[in-house]
Amino acid sequence: MAGFNPAGYLRDVRQEIGRVTWPSRKETLITTGLVLALSALAAVFFLVADWLIQLGMRLLFGFA
6 MAGFNPAGYL RDVRQEIGRV TWPSRKETLI TTGLVLALSA LAAVFFLVAD
56 WLIQLGMRLL FGFA
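Shown next, in the form of structure tokens:
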């Protein structure tokens, strides 16, 4: 097993970072907006689902 070479490791990391395609500001804003919108949509969906289950349980078991 070869020994660990910190200088070689850092050189390799720097090369890999150079190969990364970074998103533009516009792409980042669009993606962030989509994540927030879909999170809000999921929250509303689960709110309605929870409300319907609660209503069903009240009707089934007669809780007031």
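Numbering (this note's numbering), first residue to last: 6 to 69. In this text, a Cβ means the ideal position worked out from N, Cα and C, and glycines have one as well. Computed from a predicted structure; not experimentally measured.
Measure the alpha-carbon distance for residue i versus residue j and round it to whole angstroms.
i	j	result
residue 31	residue 20	26 Å
residue 49	residue 33	24 Å
residue 41	residue 53	19 Å
residue 58	residue 68	13 Å
residue 51	residue 13	50 Å
Would you kindly report the start and end of the unbroken alpha helix (DSSP H) that includes residue i?
i	result
residue 23	11 to 24
residue 8	Element bounds for residue 8: n/a, residue is neither H nor E.
residue 50	30 to 66
Closer than 8 Å by C-beta to residue i: which residues in its own chain qualify, once you throw out the five before and the five after it? Chain order, please.
i	result
residue 36	28
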